[in-house]
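According to this note's numbering, the sequence shown is numbered sequentially starting from 91.
Glycine residues also receive a C-beta, built at the ideal position from the N, C-alpha and C atoms.
Computed from a predicted structure; not experimentally measured.
Notes to accompany the following structure.
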Amino acid sequence: MGKLSVFILLFTSYAAYSTWVYTNGTDRGTVMNAQQQAGKKIWQQYNCTSCHQIFGLGGYLGPELTTVISDKNRGETYARVFLQAGAVRMPNFHFTPEQINDIIAYLKYVDTNAFSYKHGNEQPTP
Ligand code: HEC
91 MGKLSVFILL FTSYAAYSTW VYTNGTDRGT VMNAQQQAGK KIWQQYNCTS CHQIFGLGGY
151 LGPELTTVIS DKNRGETYAR VFLQAGAVRM PNFHFTPEQI NDIIAYLKYV DTNAFSYKHG
211 NEQPTP
């Protein structure tokens, strides 16, 4: 094989592999939609992180919320109650139903993307 064909072979393999990595290889539905983004904004504005952790980062006054939606003992309805009325130490922020839907959408996004959080280093099935 001539130098040129080796070059072309390597170049096309590299290009093909890069294309795969930057498209199907990493796309597992991890792009946030508008509602999830709105929820994330509320999360930031109200500084939920000061009391709650997501992916292990945040305050320790309130429970960790990474998997609150898929948790067998908690779940969406349970989370909504806290957002609607607050609790003993959890403040009542007087959210509108729309704001609550946005926050829940964001928490769902976090939960579905918590691969390594739930499974360690095991790879998700695409
Ligand atoms: C001042 C601290 C504080 C802030 C700020 C706060 N929370 Fe909480 N939150 C708590 C505490 C503490 C609890 C546990 C119930 C209790 O003791 O009141 C809780 C419970 C919850 C729960 C139920 C989860 C469970 O496992 O019990 C959800 C969902 C939740 N908070 C979401 C939020 C969101 C979203 C925000 C931001 C909009 C927020 N919290 C801001 C303190 C806080």
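DSSP, read as helix, strand or coil, puts residue 148 in strand. Buried is the label assigned to residue 169, since at least 16 other Cβ atoms lie within 10 Å of its Cβ. Between residue 202 and the set 97, 100 and 126, the nearest pair of CA atoms involves 126. Judged by DSSP secondary structure, residue 187 falls within the alpha helix (DSSP H) whose first and last residues are 187–202.
Using a 10 angstroms sphere on the CB of residue 209, the tally of other CB atoms stays under 16, which defines it as exposed.
Between residue 129 and residue 177, the C-beta spacing is not below 8 Å. Shortest gap from the CB of residue 144 to any heavy atom of the ligand HEC: 7 Å or more.
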